[in-house]
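Student: Here it is, the structure in full.
Numbering (the numbering used here), first residue to last: 1148 to 1270.
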């Protein structure tokens, strides 16, 4: 009986120390928005990039590019591989432009990430 109680208490402690985290992965979605520097998306409160050159310069300096959707949601582009890799190379041709991107969206803690399956200039 004491052994069972210890196991039960140990499980409760483990759940407090190592909480279960749910990561929701939705089915494929399509996102329309602007490709811009992540820092500007947050610190400048932009609705669209200042210019293509500005977005390219920031990306080449190491800042991550993101997609700012029409509804104001910021999508962080990620890879679904291990080890993972940056996605700026995939987004750089579209820096400062409006795009349509499709892929799998992950939502965690209020942040959204997108594994880009397809991206093209918006029509």
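From the three backbone atoms N, C-alpha and C, an ideal C-beta is built for every residue, glycine too.
1. Residue 1264 lies in the beta strand (DSSP E); which residues open and close that run?
2. If you run the structure through DSSP and keep just helix, strand and coil, what is residue 1207?
3. Candidates 1243, 1184 and 1266: which alpha carbon is nearest residue 1213's?
4. Ordered along the chain, which non-local residues of its own chain (more than five positions away) have a Cβ less than 6 Å from that of residue 1241?
5. Report back the beta-carbon spacing between residue 1175 and residue 1250 to the nearest angstrom; my notes put them in contact at under 8 Å.
6. Check whether the segment 1252 to 1261 and the segment 1191 to 1204 are in contact - that is, three or more C-beta pairs closer than 8 Å.
7. I'd like the ranges of any beta strand (DSSP E) spanning at least 3 consecutive residues and lying wholly in the segment 1178 to 1257.
8. Using 10 angstroms around the beta-carbon of residue 1260, count the other beta-carbons present and answer buried if the total reaches 16, otherwise exposed.
9. If I measure Cβ to Cβ from residue 1258 and keep anything under 6 Å in the same chain, skipping five residues before and after, which residues do I get?
10. Who are the Cβ neighbours of residue 1217 in its own chain at under 8 Å, not counting the five residues just before and after it?
11. For residue 1248, does the count of other Cβ atoms within 10 angstroms reach 16, so buried, or fall short, so exposed?
12. Quick one: using the 10 Å Cβ neighbour count with 16 as the cut-off for buried, is residue 1264 buried or exposed?
13. What does the Cβ neighbour count give for residue 1243, buried or exposed, with the cut at 16 atoms within 10 Å?
Tutor: On the basis of the data shown:
1. Within the chain shown, numbered from 1, the residue matching residue 1264 stands at position 117. Its beta strand (DSSP E) spans residues 1258 to 1268.
2. Working through the chain shown from its first residue, we reach residue 1207 at position 60. Reduced to three states, the DSSP call for residue 1207 is helix.
3. Taking the first residue of the chain shown as position 1, residue 1213 is located at position 66. Nearest C-alpha to residue 1213: 1184.
4. Within the chain shown, the letter at position 94 stands for residue 1241. Cβ neighbours of residue 1241 beyond the five flanking positions: 1182.
5. For the purposes of this step, residue 1175 is taken as the residue at position 28 of the chain shown. For the purposes of this step, residue 1250 is taken as the residue at position 103 of the chain shown. The Cβ separation is near 6 Å, so the contact holds.
6. Of all C-beta pairs linking the segment 1252 to 1261 to the segment 1191 to 1204, fewer than three are shorter than 8 Å, placing the two stretches out of contact.
7. Qualifying beta strand (DSSP E) stretches, in chain order: 1212 to 1216, 1221 to 1225 and 1245 to 1255.
8. Against the chain shown, residue 1260 aligns to sequence position 113. It counts as buried.
9. As a first step, residue 1258 is located in the chain shown; it is residue number 111 there, counting from the start. Taken in chain order, the list of residues that qualify is empty.
10. Taking the first residue of the chain shown as 1, we reach residue 1217 at position 70. Excluding residues within five positions, the ones whose Cβ falls inside 8 Å are 1179 and 1180.
11. What you label residue 1248 is simply residue 101 of the chain shown in a count that begins at 1. The residue is buried, with at least 16 neighbouring Cβ atoms inside 10 Å.
12. As a first step, residue 1264 is located in the chain shown; it is residue number 117 there, counting from the start. Flag for residue 1264 reads exposed.
13. By one-based count along the chain shown, residue 1243 stands at place 96. Buried: at least 16 other Cβ atoms inside 10 Å.
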